[in-house]
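1 is the number of the first residue of the sequence shown in the UniProt record's numbering; add one for each residue after it.
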Amino acid sequence: DNFKEYDPDHKGVISKKEFQKSMENQKQYHQSEIEFLLSCAEADENDMFNYEEFVERFHEPAKDIGFNVAVLLTNLSEHMPHDTRLSNFLDLAESVLSYFEPYLGRIEIMGSGKRIERVYFEISESSRTQWEKPQVKESKRQFIFDVVNEGGESEKMELFVNFCEDTIFEMQLASQISEPDAVERPEEEEEESHSLLEELVSEEESAAESS
């Protein structure tokens with residue numbers, strides 16, 4: 001997305017100089033790392049190259065590896081919080097953990113031997129975007145307010161379940177509204193329903209005539 005700032009016409013190409021400037025503005029890479037990435041870019045005679053192919057070739061595999069490393073270190077830190085050797089690794093990987101923290105989801109399940117096991121998964125960018133929508137944020141705020149003001153544990157659990165159901169519905173609704181053809185789909189489905197109904201009526205009439 002940072003490269004698109006230098007590609008207003010969405011052609012998918014930028015110059016090496018623009019690439020370098022974009023990388024420096026992110027303040028996440030050392031100069032030696034930027035120079036290495038520049039050396040990997042295959043530019044044409046005008047010093048332009050396809051940044052989308054470049055990202056797919058280098059960034060996506062690196063992102064997968066980085067996410068798995070973040071999961072491993074997070075899991076170890078939760079099981080061995082006082083291990084000094086692990087603390088050294090966590091310090092070295094602080095930037096990696098900070099980068100992937102918003103994308104790292106956790107759920108707890110009942111595993112073998114009736115033991116609680118924690119499972120990690122990647123939260124997609126689209127899910128994070130939906131979660132930040134105003135209507136979902138308002139639901140979270142209202143849920144916290146209701147829980148604080150309610151007394152019994154059973155009431156709190158009921159509120160939590162209702163909150164989850166409402167949030168899922170709101171996220172699905174927000175996703176449908178954001179789709180460009182969301183308005184067209186009901187009409188298409190209605191036309192398909194009418195077509196199916198007409199076929200059934202026609203078949204019934206044919207059967208009646210033959211009998």
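The beta carbon of each residue, even a glycine, is placed where N, CA and C say it ideally should be.
Just so you know, these numbers come straight off a predicted model, no measurement behind them.
How far does the alpha helix (DSSP H) with residue i in it extend, from its first residue to its last?
i, result
"G66", "60–79"
"S95", "94–100"
"E33", "31–40"
Within 10 Å of its beta-carbon, does residue i have 16 or more other beta-carbons around it, so buried, or fewer, so exposed?
i, result
"F121", "exposed"
"E188", "With a pLDDT of 47 at E188, under the threshold of 50, the predicted position of this residue should be treated as unreliable, though the coordinate-derived value follows. Flag for E188 reads exposed."
"I14", "buried"
"Y29", "exposed"
"F54", "buried"
"M80", "exposed"
"E184", "Residue placement at E184 is flagged as unreliable, the pLDDT there being 46, under the threshold of 50; the coordinate-derived value follows with that caveat. By the 10 Å Cβ count, E184 comes out exposed."
"P186", "Reliability of the predicted coordinates at P186 is poor, the pLDDT of 47 falling under 50, and the value obtained from them is presented with this limitation in mind. That one is exposed."
"Q26", "exposed"
"Q130", "buried"
"F100", "buried"
"F49", "buried"
"A182", "Low per-residue confidence applies at A182: pLDDT is 43, beneath 50, and the placement is therefore not dependable, though the value from the model is reported in the following sentence. Label assigned to A182: exposed."
"F19", "buried"
Cα-Cα, which of the options is closest to residue i?
i, options, result
"L97", "R115, K114, E117, N75", "N75"
"G105", "N50, R115, R128", "R128"
"F58", "D47, I34, M48", "I34"
"D64", "Y103, S39, D47, E5", "Y103"
Within the continuous beta strand (DSSP E) that includes residue i, where are the two ends?
i, result
"E117", "116–122"
"N50", "48–50"
"E108", "104–110"
Consider the Cβ of residue i: report whether some Cβ of chain C lies at a distance smaller than 8 Å.
i, result
"H82", "Included in the structure is just one protein chain, with no chain C present."
Is it true that the stretch 109–125 meets the stretch 81–88, where meeting means three or more beta-carbon pairs spaced less than 8 Å apart? Using a C-beta cut-off of 8 Å, the stretch 109–125 makes no contact with the stretch 81–88, since fewer than three inter-stretch Cβ pairs fall below that distance.
If we count Cβ pairs, one from each stretch, closer than 8 Å, do we get three or more for the stretch 52–69 versus the stretch 90–100? Counting Cβ pairs under 8 Å, three or more are found: they touch.
Looking at C-beta atoms only, is the number of pairs between the stretch 11–26 and the stretch 34–46 that lie closer than 8 Å three or more? Counting C-beta pairs with one atom in each stretch, the stretch 11–26 and the stretch 34–46 have three or more that are closer than 8 Å, which means they touch.
Taking only runs of the beta strand (DSSP E) that begin and end inside the UniProt domain "EF-hand" (1–29), which ones reach a length of at least 3 residues, in chain order? Taking 3 residues as the shortest admissible run, the UniProt domain "EF-hand" (1–29) contains the following complete beta strand (DSSP E) segments, listed from N- to C-terminal end: 13–15.
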